[in-house]
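Engineer: Numbering (the UniProt record's numbering), first residue to last: 1 to 96. Even for Gly, the Cβ is constructed at its ideal location relative to N, Cα and C. Here the structure is a predicted model, which is why all the values come from computation and not from measurement.
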């Protein structure tokens, strides 16, 4: 199974902070094996885990809200909507 968007996001946060898998898992209240499974797409993150991830992310409240909305609605997005989001994030979208 391929890594999910959430898994890649988690790994990026962890690596950007030079944090070991074990240490992040401990802060999230889960085992390092479970966190590894989430990062690699083998385990599904619960709503509680997603909230805990956002809480430890140290994002601004606006970024926290956007991340939560994205995580909660991701499975409902159409391919067209995902392409639009990707274009915005790449800087190719109309940001006005």
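(1) How far does the alpha helix (DSSP H) with residue 30 in it extend, from its first residue to its last?
(2) Where does the unbroken alpha helix (DSSP H) through residue 48 begin, and where does it stop?
(3) Give me the residue from 57, 65, 23 and 71 with the minimum Cα distance to residue 45.
(4) Alpha carbon to alpha carbon, what distance is there between residue 5 and residue 84?
(5) Which residues mark the beginning and the end of the alpha helix (DSSP H) in which residue 14 is found?
(6) Please return the same chain residues whose Cβ sits closer than 7 Å to the Cβ of residue 24, not counting the five positions on each side in sequence.
(7) For residue 50 and residue 91, I'd like the C-alpha separation in whole angstroms.
Structural biologist: According to the structure data:
(1) Element bounds for residue 30: n/a, residue is neither H nor E.
(2) 47 to 56
(3) 71
(4) 16 Å
(5) 5 to 16
(6) 14 and 35
(7) 26 Å
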